[in-house]
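In my numbering, the protein residues as written are 266 to 411. Heads up, the beta-carbon is just placed ideally off N, CA and C, and yes, glycines get one too. As the structure is a prediction and not an experimental result, all values here were calculated from the model.
Right, dumping it as structure tokens:
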């Protein structure tokens, strides 16, 4: 994500292999060079297609192509009960999730997660245990409040 890229740049951390290219199109782990180049989409050409559509929706919201001004937001909202019975939809969705989670996994895969599941668990843990903030980030936030 772009926000992770900025964070790693600020913290002096390298990127994982294979996620970015520099301005000349060469693979890089340097977040500064990646900001001047590009982040690569996950999922090959299909991931690119999905990213392209999302970026196009962003243009509708006022987002600019300049990475330093890319602050538009788009929300897509569905109201399932307009096209189906809500209780039936919930039941079928639950069954779909169960079927996905029951898929045989590779030995190194501990769990199949549904989109948002990790974030919900992280939020629950953070509410219970609090969060750890990097000292540099904490100090930078402190200067904003003063």
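Does the Cβ of residue i have 16 or more other Cβ atoms within 10 Å, making it buried, or fewer, making it exposed?
i	result
residue 275	exposed
residue 280	buried
residue 296	buried
residue 273	buried
Can you find the residues in the same chain that come closer than 8 Å, C-beta to C-beta, to residue i, ignoring five residues on each side of it along the sequence?
i	result
residue 319	339
residue 286	292, 293, 299, 302, 303, 305
Tell me, which residues are paired with residue i by DSSP?
i	result
residue 224	Outside the shown range of the chain (266 to 411) lies residue 224, about which nothing can therefore be said.
residue 292	286
Taking only three categories from DSSP, how would you classify residue i?
i	result
residue 368	coil
residue 330	coil
residue 345	helix
If we ignore side chains and look at the alpha-carbon of each, how far apart do residue i and residue j end up?
i	j	result
residue 310	residue 408	43 Å
residue 267	residue 354	34 Å
residue 372	residue 364	19 Å
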